[in-house]
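Residue 8 is where the sequence shown starts when you use the numbering used here, and the numbers rise one by one after that.
Heads up, the thing below is written out as C-alpha cells.
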Amino acid sequence: MTPSTIELVPAAEDRRIARHAAAAIVLTVAEAAIPLPLPGVKPGLANIVTLVVLARWGWREAVWVALLRVFAGSLLLGQFLAPGFFLSLSGAIASLLVLGLAMHLPQRWFGPVSHSILAAFAHIGAQLVVARLWLVPHDGVFYLMPVFAAAAVVFGLGNGLVAARLLHELGRGSEPAEKNPER
Numbered sequence: 008m009t010p011s012t013i014e015l016v017p018a019a020e021d022r023r024i025a026r027h028a029a030a031a032i033v034l035t036v037a038e039a040a041i042p043l044p045l046p047g048v049k050p051g052l053a054n055i056v057t058l059v060v061l062a063r064w065g066w067r068e069a070v071w072v073a074l075l076r077v078f079a080g081s082l083l084l085g086q087f088l089a090p091g092f093f094l095s096l097s098g099a100i101a102s103l104l105v106l107g108l109a110m111h112l113p114q115r116w117f118g119p120v121s122h123s124i125l126a127a128f129a130h131i132g133a134q135l136v137v138a139r140l141w142l143v144p145h146d147g148v149f150y151l152m153p154v155f156a157a158a159a160v161v162f163g164l165g166n167g168l169v170a171a172r173l174l175h176e177l178g179r180g181s182e183p184a185e186k187n188p189e190r
C-alpha cells in the first residue's frame, strides 16, 4: 500500500488574500524601520492595503489580510506574543469591527477616507484600553489621548486618501460588495 497524499489546491481567492497579506506585511516591516517621535504613533501604512481589499473584495477578505499581517509581521519582527503583538492585535480587531459596521454606512457620504479615520480611532482606542488594563495600571495613560487622536486623524486621513486614489486608479472606486461580483 502506498501512502496517500493530500493535495491542497489554492483557490483564486486564497492567492489574492496571500498577495494582499504579503503587501501588508512588507509595509509593516518597512514601517518598523522608520524612527518614531513617540512610541505607538505609527502611520499604519499596511492599513491602506486593508482598505483597498475591503472596498474591492469585502470584509471577509479584509479580515484575513489584516490578521495575517498582524501574526506574520509580529513573527518577522520578533514580537510574537510580546506586548506589542497584543496591542497590534487589539487595534486590528477593533478596526475590523468598526470597518465592518462602517461599510454599511451610506456610500454617498462615507468612503475609504472616512473608513480609514474611523478605523484609526478604533485602533488607537483599543490599544489605549489594552495598555491601561495590562501595561500601565494608571489612568495617566489617557493623558496621551489628544496626541493619539491627532495622529489618528492625520494618518487616517493620509492612508484613506492613498487608498481612495489606488481604488480610483484600479477603476473600481468603492462600489458596494453587492455590485462587485468579485467579492
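Ideal Cβ placement from N, Cα and C applies to all residues, glycine included.
Query raised in the report: Just how far apart, CA to CA, sit W66 and M110?
Result: 8 Å
**Report entry** C-alpha distance - L61 paired with R23, whole-angstrom precision
**Finding:** 13 Å
Query raised in the report: In three-state terms, what does DSSP make of M152?
Result: helix
Query raised in the report: Under the three-state reduction of DSSP, which class applies to G167: helix, strand or coil?
Result: helix
Requested in this report: For my contact list, L94 and V161 are in at a C-beta cut-off of 8 Å; report their separation, rounded to the angstrom.
Outcome: Wrong, their Cβ atoms sit about 19 Å apart, outside the cutoff.
Requested in this report: Could you tell me how far apart the beta carbons of A28 and W71 are, in whole angstroms, since I believe they sit closer than 8 Å?
Outcome: 7 Å
Query raised in the report: Is R115 helix, strand or coil by DSSP?
Result: coil
Query raised in the report: Helix, strand or coil: which one does DSSP assign to H27?
Result: helix
Query raised in the report: Whole-angstrom Cβ separation of E68 and L52, contact assumed at under 8 Å?
Result: Not quite, the Cβ-Cβ distance comes to about 19 Å (not below 8 Å), so this is no contact.
Query raised in the report: So does the segment 10-22 actually touch the segment 119-131, counting three or more Cβ pairs closer than 8 Å?
Result: no
**Report entry** alpha helix (DSSP H) segment containing L58, residue limits
**Finding:** 53-64
Query raised in the report: With C-beta atoms as the reference, is I32 less than 8 Å away from A73?
Result: no
Query raised in the report: Among residues of its own chain, excluding the 5 on either side of A101, which ones have a beta-carbon nearer than 7 Å to its beta-carbon?
Result: A129, H130, G132, A133
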